[in-house]
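At position 169 of the sequence shown the residue is numbered 169 (our numbering), and the sequence of numbers has no breaks. The beta carbon of each residue, even a glycine, is placed where N, CA and C say it ideally should be. All of these numbers come straight from a predicted model, not from anything done at the bench.
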Amino acid sequence: MVKEITIEILREVTQRFIEAEPGRLGSEGWWQRPLVVTALIDQRFDQLPDIAYHEHLYPQDLLPTARSVVVFFIPFKKELVKENREGNRPCRNWGLAYVQTNDLIGRLTSALGDLLDEHGFKSGLTPATHNFDEVALMARWSHKHLGYLAGLGRFGVHHMLITPAGCTGRFGSLVTEAQLGNHPLIETEEACLLKAGQECGKCIEACPVQALKEDDFDRRRCWDRLKENRRSLSYFSDLLETTHVCAKCAAIMPCSFKNPVAEL
Ligand code: SF4
Ligand code: SF4
Numbered sequence: 001m002v003k004e005i006t007i008e009i010l011r012e013v014t015q016r017f018i019e020a021e022p023g024r025l026g027s028e029g030w031w032q033r034p035l036v037v038t039a040l041i042d043q044r045f046d047q048l049p050d051i052a053y054h055e056h057l058y059p060q061d062l063l064p065t066a067r068s069v070v071v072f073f074i075p076f077k078k079e080l081v082k083e084n085r086e087g088n089r090p091c092r093n094w095g096l097a098y099v100q101t102n103d104l105i106g107r108l109t110s111a112l113g114d115l116l117d118e119h120g121f122k123s124g125l126t127p128a129t130h131n132f133d134e135v136a137l138m139a140r141w142s143h144k145h146l147g148y149l150a151g152l153g154r155f156g157v158h159h160m161l162i163t164p165a166g167c168t169g170r171f172g173s174l175v176t177e178a179q180l181g182n183h184p185l186i187e188t189e190e191a192c193l194l195k196a197g198q199e200c201g202k203c204i205e206a207c208p209v210q211a212l213k214e215d216d217f218d219r220r221r222c223w224d225r226l227k228e229n230r231r232s233l234s235y236f237s238d239l240l241e242t243t244h245v246c247a248k249c250a251a252i253m254p255c256s257f258k259n260p261v262a263e264l
């Protein structure tokens, strides 16, 4: 008889999958222990077009019979984030980690879908990135907004999601017919110091193109910088055309590896 599928099983399988990746690549890998949350699909998700993008998909658009959302976060190792802190441009390893992590997310999402399928539940999947509107620069399926609604984190002034393991890493998600329950992880209403009324704004200072303000984000300015990095950095020339990275606003910040508001 097939065992019941639970959040604990999904967390264990996700962790094992990530632990196996360095061996598969023949390298040390870039990742720390992942976080996984699930949420039942209810009215919360009706907000997606309002809080994310007006053309954002609903979970049922991926799978009409979907009952739950699964969102995971794969944090990067501190050494990698530290390396990316130097200078105004992303380091080579940051670009490489981005490419390898997107590939990992694609295979991990499929593996979770297969696992759910073995338990008799269909799933709906989307790619890790570049599922967005190139004009509006907004995702039609935002893993971060799914993570926000499912209680994986809170948005910071830098527009990244701050989880209990920080904001430097990558997200993935899927929807499934399985009833997995609500298993959030974030402990506080806000996870950004500035949004919680404390002193900070370090991400605003770190942005090399002044794309961030306390209450505004110049998406175009940020996107142009990401594209310019891919185009102009010779050490990115062998990486995928979609290697659009920077993340200076997330490198060694109070929210890089934890939720700093949880410690107040
Ligand atoms: S660096 Fe500070 S202001 Fe910026 S998102 Fe993190 S906690 Fe918020
Ligand atoms: S990713 Fe880079 S360009 Fe975009 S807001 Fe952050 S620091 Fe600025």
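Continuous alpha helix (DSSP H) stretch holding residue i: start and end
i: Leu125; result: Where Leu125 is concerned, there is no enclosing alpha helix (DSSP H), although the beta strand (DSSP E) it sits in stretches over 123–125.
i: Ile204; result: 202–206
i: Leu149; result: 143–149
i: Thr101; result: 92–118
i: Arg219; result: 219–232
i: Leu25; result: 7–25
Residue i CB to nearest heavy atom of ligand 1 below 6 Å
i: Gly147; result: no
i: Gly156; result: yes
i: Cys207; result: no
Residue i CB to nearest heavy atom of ligand 2 below 6 Å
i: Lys202; result: no
i: Ala91; result: Here the sequence assigns Cys to residue 91, which means Ala is not the residue at that position. The answer is no for Cys91.
i: Arg225; result: yes
i: Cys255; result: no
i: Ala196; result: no
i: Ala211; result: yes
Candidates the options: closest to residue i by CA position
i: Val13; options: Gly201, Gly29, Leu80, Arg33; result: Arg33
i: Phe236; options: Arg92, Arg24, Gly124, Phe73; result: Arg92
i: Trp94; options: Lys77, Met138, Ala165, Val69; result: Lys77
i: Asp114; options: Val175, Ala136, Cys249, Glu189; result: Val175
i: Glu228; options: His145, Arg89, Lys213, Ser68; result: Arg89
i: Gly27; options: Ala97, Ile74, Phe45; result: The sequence given here places Ser at residue 27; Gly does not occur at that position. Closest option to Ser27, Cα to Cα, is Ala97.
Exposed unless 16 or more other CB atoms sit within 10 angstroms - verdict on residue i
i: Pro59; result: buried
i: Gly29; result: buried
i: Thr265; result: Only positions 1 to 264 of the chain appear in this structure, which leaves residue 265 out of reach.
i: Thr65; result: exposed
i: Glu21; result: buried
i: Ala150; result: buried
i: Asn131; result: exposed
Boundaries (first-last residue) of the beta strand (DSSP E) holding residue i
i: Pro75; result: 68–75
i: Gly172; result: 169–176
i: Leu194; result: Premise fails: Leu194 is in no beta strand (DSSP E) and is neither H nor E.
Within-7 Å CB hit, residue i to chain D
i: Asn102; result: In summary, chain D is missing from the structure at hand, where a single protein chain is found.
| request: Say whether the region 56–75 touches the region 213–227, bearing in mind that this needs 3 or more beta-carbon pairs closer than 8 Å, one atom from each stretch. | output: no
| task | Indicate whether the contact test is met: 3 or more Cβ pairs, each with one atom in the region 249–256 and one in the region 195–211, closer than 8 Å. | result | yes
| field | At least 3 beta-carbon pairs within less than 8 Å: the region 169–188 vs the region 31–47 | value | yes
| query | With a cut-off of 8 Å, do at least 3 Cβ pairs link the region 145–164 to the region 96–105? | reply | no
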